[in-house]
Ligand SMILES: *[C@@H]1O[C@H](CO)[C@@H](O)[C@H](O)[C@H]1NC(C)=O
Ligand SMILES: *[C@@H]1O[C@H](CO)[C@@H](O)[C@H](O)[C@H]1NC(C)=O
Ligand SMILES: [Fe+2]
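Residue numbers (mature numbering (1 follows the signal peptide of the UniProt record, and there is no 0)): -17 to -1, 1 to 419.
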């Protein structure tokens, strides 16, 4: 029969190919500028310049994946001896009804299809939430000793997180083992990242080959800088996922690369101009909450070293945060948890209710091979709570004025699991510029 013959020749073609075809793997979702869209990225073929399709099919039930979109693929070559190569695919699901459960699969008739997975589309951008939104937030996790992994994966499987924010330092390091350690990390997070948007910023541990692993593996972040539409990593030009912004419900998120201050002095002005213009354009009647995230802190209290790099980032960003009334700055890098009050020029009023400046949190203690970073300096007035125990943060935005912040400890060294060790309400009744 014709059909059988055709199928047989495709199989022969595959068997003869000088590359191996892999099933879709490392699947991860990301938000788009448009809340009615969701992007999905995956890796499927390893080999040189493999041209296979990038298809996503989706629908409202597992048996009816009625919608279909073709995306794009791009080649990623690790900078190591082996020039280990893989193809990344990105496709976008569009016209989604807000806050609705969808089923989807990715792949191609040649490479085969992923499992059918599901996600909930983003809420529409609006000050009034249909229900509280919960964010899982952490940095510095690692592909080994990822102490929080089972707990946060369970939270996703129980439908508790609406979005994840990983503030840099992913695998320690993605480029290790000719780049395969990056694959291990991306496979480890897939049970989460295939179900909820996994949003990121870049850390110092992604520095290899001019940040090529971060830039390519998270290529589907919602790049939106008009003046700096692309960045150049060791893999070539790619959409700018070093600094970008997007909304989720009533929160406007801005991702920055703190690494630009240390590795790309030529880009410092461009990033600051982006953040300034982006924050100036935020409509606080739609997204009252504004949260900036990056990898390194503006304030930290573990040792003099941490303050050295914090000072550099602080000199660049603190005034901008103050000028536009950034509600929170969230980062990692120090392998500990430090929740601060409002801070401006190292001064605090120790307030969580209508604070007069940005609230700062370091949450860089998800695990990883580098272990705990203890606090050598005394606890400053600006700090409300600090610990070097492993864990992750959970942020629940209830409405325009009330946000609940928790720190969950998961630490085999302390024999503590899934225990809330710190929590606070952050109440902001009038969002907007500070100092007015
Ligand atoms: C900030 O204030 C603390 C006291 O809370 C002080 O120990 C520290 O030296 C100050 N840091 C800077 C950079 O001024
Ligand atoms: C916002 O949520 C908090 C916590 O649930 C509640 O106490 C407060 O009344 C809510 N405010 C508005 C305006 O809905
Ligand atoms: Fe770091």
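Glycine included, every Cβ here is placed at the ideal spot set by N, Cα and C. Just so we're clear, the structure is a prediction, and the values are computed from it rather than from any experiment.
Determine contact between the segment 20 to 40 and the segment 87 to 95, defined as no fewer than three beta-carbon pairs at a distance below 8 Å. yes
What whole-angstrom Cβ distance do residue 88 and residue 40 have, given they're in contact under 8 Å? 6 Å
Output the boundary residues of the alpha helix (DSSP H) element that contains residue 303. 287 to 307
Would you decide whether residue 415 is buried or exposed? Buried here means 16 or more other CB atoms lie within 10 Å of its CB. exposed
Which whole runs of the beta strand (DSSP E) in the segment 191 to 235 are 3 residues long or more, in chain order? 213 to 216, 219 to 222, 227 to 231
Between which two residues does the alpha helix (DSSP H) carrying residue 244 extend? 243 to 246
Along the chain, where does the beta strand (DSSP E) containing residue 136 start, and where does it finish? Where residue 136 is concerned, there is no enclosing beta strand (DSSP E), although the alpha helix (DSSP H) it sits in stretches over 132 to 140.
Continuous beta strand (DSSP E) assignments of at least 3 residues falling wholly in the segment 41 to 68: 50 to 53, 55 to 60
Return the CA-CA distance between residue 297 and residue 329, expressed in angstroms with no decimal places. 10 Å
Beta-carbon proximity of residue 271 to residue 110, cut-off 8 Å: yes
Bridge-paired residues (DSSP) for residue 84: 103
DSSP on residue 175, reduced to helix/strand/coil? helix
Going by alpha carbons, who is nearest to residue 207 out of 261, 123, 106, 186? 261
Tell me which residues pass a beta-carbon proximity test against ligand 5: closer than 5 Å to any heavy atom, given in chain order. Inclusion of ligand 5 in the displayed structure is not the case, the ligand content consisting of ligand 1, ligand 2 and ligand 3 alone.
Range covered by the beta strand (DSSP E) that runs through residue 118: 116 to 121
Alpha carbon of residue 57 to alpha carbon of residue 22, nearest angstrom: 15 Å
CA nearest to the CA of residue 346, picked from 362, 149, 403, 168: 149
Continuous beta strand (DSSP E) stretch holding residue 380: start and end: 374 to 380
Residue range of the unbroken beta strand (DSSP E) whose run includes residue 387: 385 to 394
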